[in-house]
Each structure stands twice: as structure tokens, then as C-alpha cells.
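Residues 288 to 555 (the numbering used here) are what the sequence shown spells out, left to right.
Just so you know, even glycine gets a beta-carbon here, dropped at the ideal spot from N, CA and C.
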Amino acid sequence: MDDPLSPPGFAPPGFTVAPAEHLLRLPGFWPAYYGPTWDAFADEPELFGADGADVDAAADALYGPADPWPAYRLPLEGGHVLWIVHSNHPDDSSTDYLITHPAWSRPGHLASIEGHFSGPGLSWTELSAVAGSAPPGAEGVLDPDTRLLLLLPAFGDADAPPEAAVRRITDALTSAGMAADEARAAAGRFLDHPYWDGPTWTVQGRSPLSGTTAEPSPLPLCDAPRSPRTVPLARGITADQERALAAVLAGRHPAVGPGRPDGQSIAR
């Protein structure tokens, strides 16, 4: 039986996932966390008030444990949770971005940062909405600036408004302890992702040639070839669940109940 505090069906046999939000308090957390994507931050830990030893210690804590795998929970409305998991296989490590709901039998996959990367998993609109929509009193990471900083490796959107995005990321970096002038210079780096270039997002309309009366998916699709979201994020869930998920990712409270209590529907 899956642990209710871990994403169901994700960890292979012999491995478990455990919440590890306490790692966010490590002095070298941010340069270590960004190292697999923007490695220059690991070489400039002083931007985050850390030093090389702090980064090494944080990297060991994030990418070293074989079991349990450390994870951060970002609760969302309607029982959804976005998980960030350091999947520390014996010979390889990745950081996986997942979304779960109690009625789904397995997580939906947003992105992975690893040698065989996949993503992006979030548009700018979704990133902003998810960062700012933590339900009060939920367990996990609730601070909107911390949530935004955690999700930046999974983000990619050629249509993100440059000035607004830089300003928002600058504010989040400043809240994490970076000096204001250094934060603005650093913020622009996050709009230049080394794993994907220029992805765009669209919501499909109904095709007049399809001959179907079914409503199209309300979930945006990404045109990046390595993104899990070239198809709807949670194929196999019900139409009500899909609408609820789309509302959550847009920062709206789900208007329709998202789950079948029998848990038979699945997420991709």
C-alpha cells in the first residue's frame, strides 16, 4: 500500500519518497538545487549567502540519500499536490516534478531534470498561479516566493512577459536573501533554460472536422518535443477531474469535484 505522504506508484520497489521540506533551511540549498540546471549558481554560492562547503553539504543531502528519496510538497486546491522529488537511483539522480490527487492511481508527470531530461512542465501563467495558490493551513511549502523558486527548473515559455517575469523572479530571489541588484541580474538567467528553447503553449479548440461532440481538453499543450505535456497532462482521468486540474493550474479553485472515490482513474 502506498504511503499517503508519498506520490502513489512513483518510486520503484525498494525505494520510498519522504517529505523533506527541512532541507530548504540548509545554507547552500539554492545553489545546490539549481546546480543540475544552472550550474553557474553552484560556482557563485555567495549570491545566496553561502560558500562552497555549504553547497557540498546541501548537494549531499539532496542528491545523496538512496532511501528515502527527499521531496518537497506544494499543496494546491482541491486535494492536488505538486511534488518535487530527488529520485536518487544508485547510478543516477534526477529531480522529478509530479502532480497527484487522492483519486488518481498514479501521478501526472510534469518534468524531469536529468541526463535524459523531459520538459518543460509549466507555462509562465501556470507557474505564477501555482506559486501563489497554496491553501491556507496545508502541509508542505506554502510561501509563494519559495514555491516559485522551486518550480523554475520545470518552467519554460517563450511567451512569458520578460519584464514582468524578471521582476517577479527578482522579488522571489530577494526574499531568499539575495541582494536586490544581484537578484535582478540573476533573474534573467531563469528565462534562458539550457534544456529547452522557445517552447510555446496552446489550448486546443474543437476541430470542425473531427466529427465528435466531446469537449476538447482544457489543459494547455506544449510544443517542445521533450515535454510530457505535448499531450494532456492527466490522460485517463475523468472529464470532471481534467477540468478541476486545469482550474488548479490556472490558479482557480476547482468548481467541479475532481475525484472518483474509487480511485480507478489514472494520471499520465
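- Task: Find the nearest neighbour of L311 within the set L478, I456, L437, L532, judged by alpha-carbon distance.
- Result: L437
Thinking S399 and P295 are a contact (beta carbons under 8 Å), I'd like their distance in whole angstroms, please. About 18 Å; that fails the 8 Å criterion.
_By the three-class DSSP mapping on this structure, what secondary structure does T461 have?_
helix
**Message:** So if DSSP puts A305 in a beta bridge, which residue, or which two residues, is it bridged to?
**Reply:** P357
Next item on the list: Go ahead and label P507 buried or exposed: buried means 16 or more other beta carbons lie within 10 angstroms of its beta carbon, across all protein chains shown.
Entry: buried
task: Would you kindly work out how many angstroms separate the C-alpha atoms of H540 and A531, rounded to a whole number?
output: 8 Å
Answer with buried or exposed for R522, where buried requires no fewer than 16 other C-beta atoms within 10 angstroms of its C-beta. exposed
### Query
Does DSSP put P440 in a helix, a strand or coil?
helix
message = Within the continuous alpha helix (DSSP H) that includes Y350, where are the two ends?
response = 339 to 350
Report task. Run the proximity test for H396: is its beta-carbon closer than 6 Å to any non-hydrogen atom belonging to the ligand ADP? Result -> With respect to the ligand ADP, the structure shown offers nothing to examine, as it has no ligands at all.
Enumerate in chain order the residues of its own chain whose CB-to-CB distance from L435 is below 6 Å, with the five nearest sequence positions on each side excluded.
A418, A459
Query raised in the report: Which same chain residues, not among the five before or five after P355, have their C-beta less than 7 Å away from its C-beta?
Result: T303, V304, A305
- Just grab the DSSP bridge partners of W488 for me. C509
Checklist line | Enclosing alpha helix (DSSP H) for V417 [first to last residue] | finding: 411 to 418
**Item:** Where E529 falls, given that 16 or more other Cβ within 10 Å makes a residue buried
**Value:** buried
Cutoff 6 Å; reference E413; Cβ partners in own chain excluding five residues on either side:
L536
So, are the CB atoms of A470 and T461 less than 7 Å apart? yes
**Item:** N-terminal and C-terminal residue of the beta strand (DSSP E) that D600 is part of
**Value:** Residue 600 is absent from the model: the chain starts at 288 and stops at 555.
Over what stretch of residues does the beta strand (DSSP E) that includes D379 continue unbroken? 379 to 387
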